[in-house]
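FYI, full-length UniProt numbering numbers position 313 of the sequence shown as 313, with every residue one higher than the one before it. In this text, a Cβ means the ideal position worked out from N, Cα and C, and glycines have one as well.
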Amino acid sequence: MQILTNKLLFISTPVGALGTGLGGGVELTLFNITKEMTRRGYEVEIIAPLGSVMQPFMVKEIPGELQIPGQTQTRTSPITIPKNSVLANMWEYARQVQADYDLIVNFAYDWLPLYLTPFFQIPIAHLISMGSLTDAMDWIIEQVATKFPGTIGFHTQTQAATFGLKEEYTCLLNGMDLSIYQFCNQPSQTLAWVGRIAPEKGLEDAVAAAKITGIPLKIFGMKQDESYWQKILQYYPDMSIEYMGFLPTIELQQELGKCLALLVTPRWVEAFGNVAIEALACGVPLIAYRRGGLTEIVREGKTGFLVEPDSVQGLVDAIGRLNEIDRYACRKQAETEYSLEAMGDRVEQWLKGILNK
Ligand code: UDP
Numbered sequence: 001m002q003i004l005t006n007k008l009l010f011i012s013t014p015v016g017a018l019g020t021g022l023g024g025g026v027e028l029t030l031f032n033i034t035k036e037m038t039r040r041g042y043e044v045e046i047i048a049p050l051g052s053v054m055q056p057f058m059v060k061e062i063p064g065e066l067q068i069p070g071q072t073q074t075r076t077s078p079i080t081i082p083k084n085s086v087l088a089n090m091w092e093y094a095r096q097v098q099a100d101y102d103l104i105v106n107f108a109y110d111w112l113p114l115y116l117t118p119f120f121q122i123p124i125a126h127l128i129s130m131g132s133l134t135d136a137m138d139w140i141i142e143q144v145a146t147k148f149p150g151t152i153g154f155h156t157q158t159q160a161a162t163f164g165l166k167e168e169y170t171c172l173l174n175g176m177d178l179s180i181y182q183f184c185n186q187p188s189q190t191l192a193w194v195g196r197i198a199p200e201k202g203l204e205d206a207v208a209a210a211k212i213t214g215i216p217l218k219i220f221g222m223k224q225d226e227s228y229w230q231k232i233l234q235y236y237p238d239m240s241i242e243y244m245g246f247l248p249t250i251e252l253q254q255e256l257g258k259c260l261a262l263l264v265t266p267r268w269v270e271a272f273g274n275v276a277i278e279a280l281a282c283g284v285p286l287i288a289y290r291r292g293g294l295t296e297i298v299r300e301g302k303t304g305f306l307v308e309p310d311s312v313q314g315l316v317d318a319i320g321r322l323n324e325i326d327r328y329a330c331r332k333q334a335e336t337e338y339s340l341e342a343m344g345d346r347v348e349q350w351l352k353g354i355l356n357k
């Protein structure tokens with residue numbers, strides 16, 4: 001039986017440099033997997049767009065034009081790759097250095113790395129970070145799943161179901177370094193919303209619910225779509241919202257922990273929802289639309305409430321029931337289900353399985 005020796009090449013998303021927030025949850029996922037695999041004795045090299053920072057890990061920075069995020073495409077959009085593409089440049093670099101590694105992990109939700117799989121001499125594991133969005137991506141994922149069984153990894157079953165794959169795949173959930181997140185049992189009268197500020201995240205519903213309840217809302221995240229943000233501000237001019245900016249994890253958890261609950265209001269099938277497990281780790285209950293990975297994270301009535309999707313009244317009703325939630329139960333769920341170790345076991349088993357084939 002072949003086992004992983006110890007050299008892994010991680011290739012980041014081409015939609016933004018690490019540390020900017022443009023990559024959404026992929027940035028934290030990449031960080032956490034790197035941290036855990038390094039702790040387990042693997043040597044990890046990270047390739048990412050120019051300007052990337054992921055302390056304390058070194059990143060091989062690659063120049064080039066950023067890729068358009070998959071979530072801005074329509075279902076029938078063809079694949080577009082810009083001139084001097086950072087995606088193509090990262091994979092060209094990987095092609096040159098592949099002999100030094102046992103396996104590549106692809107963190108990009110993009111067609112090119114999937115297409116390139118048969119052209120590489122070493123195996124490639126693909127961690128798919130969003131649900132089904134375009135026909136072109138669905139098709140290439142299916143091709144790779146058929147020709148390279150077991151190399152496709154998803155975060156949740158609900159996410160995987162959007163692709164309708166008959167072939168073998170793995171569900172990895174996610175995990176985080178719980179020692180970074182402090183439990184807070186004395187919240188202030190504030191609700192939280194965390195994420196990329198973009199239409200698929202449905203921030204306006206959280207603002208509407210907060211307005212009805214009269215509880216102030218703190219918003220954390222990177223403004224990916226400035227005009228969407230401006231529209232929300234114009235629509236709720238008198239709203240008590242506080243924009244906190246895009247914070248590094250240490251500061252984010254400090255502020256998030258002090259909130260009554262996290263509102264998670266996606267319009268799309270959320271593949272996982274890193275922000276949800278980060279909130280749990282701080283002892284913050286979840287009030288989430290019954291969509292995507294959130295349905296697998298929230299323990300109804302114990303660590304939060306799942307609400308009818310797109311129902312602001314549902315959010316309001318759940319806010320009224322927050323006293324039923326024990327914040328210790330939230331922290332406990334994060335400890336039992338989303339530790340770095342638990343995620344590391346799942347990732348290691350997936351990668352070993354690929355090498356054994
Ligand atoms: N995030 C952050 N600082 C902030 C707000 C958000 O680091 O101020 C991170 C958060 O930790 C999470 C990511 O942004 O890892 C959002 O990921 P999620 O999986 O919730 O959604 P995605 O953006 O991938 O759709």
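Ligand 1 and residue i: does the residue's C-beta get closer than 8 Å to at least one heavy atom of that ligand?
i                 : result
proline 14        : no
serine 77         : no
serine 240        : no
asparagine 106    : no
phenylalanine 245 : One detail in the question is off: residue 245 reads as glycine in this sequence, not phenylalanine. The answer is yes for glycine 245.
methionine 54     : no
glutamate 270     : yes
leucine 28        : yes
glycine 257       : no
Between which two residues does the beta strand (DSSP E) carrying residue i extend?
i                 : result
valine 105        : 103 to 106
lysine 7          : 7 to 11
leucine 116       : No beta strand (DSSP E) holds leucine 116; the alpha helix (DSSP H) holding it covers 111 to 116.
leucine 127       : 124 to 127
isoleucine 141    : Careful: isoleucine 141 lies outside any beta strand (DSSP E), inside the alpha helix (DSSP H) at 135 to 147.
glycine 24        : Counting along the chain, glycine 24 falls outside any beta strand (DSSP E), and DSSP gives it neither H nor E.
phenylalanine 154 : 152 to 154
Determine the extent of the alpha helix (DSSP H) in which residue i is found, giving its start and end residues.
i           : result
leucine 340 : 340 to 356
alanine 160 : 157 to 161
tyrosine 93 : 86 to 97
In three-state DSSP terms, what is residue i?
i              : result
methionine 1   : The pLDDT assigned to methionine 1 is 47, lower than 50, so where the model puts this residue is not dependable, and the model offers no usable value.
threonine 34   : helix
methionine 130 : coil
lysine 60      : strand
valine 44      : strand
cysteine 330   : helix
threonine 72   : helix
threonine 170  : strand
Looking at residue j and residue i, is the spacing between their C-beta atoms short of 9 Å?
i             : j              : result
methionine 37 : glutamate 337  : no
glutamine 159 : glycine 195    : no
glutamine 254 : isoleucine 215 : no
serine 100    : lysine 7       : Note that residue 100 is aspartate in the sequence shown, not serine. Closer than 9 Å, so yes.
glycine 293   : threonine 156  : yes
leucine 66    : valine 86      : yes
arginine 299  : cysteine 184   : no
leucine 262   : isoleucine 287 : yes
**Asked** Which residue spans inside the UniProt domain "Glycosyl transferase family 1" (189 to 325) form an unbroken alpha helix (DSSP H) run of at least 4?
**Response** 203 to 213, 226 to 235, 249 to 256, 274 to 281, 294 to 297 and 312 to 319
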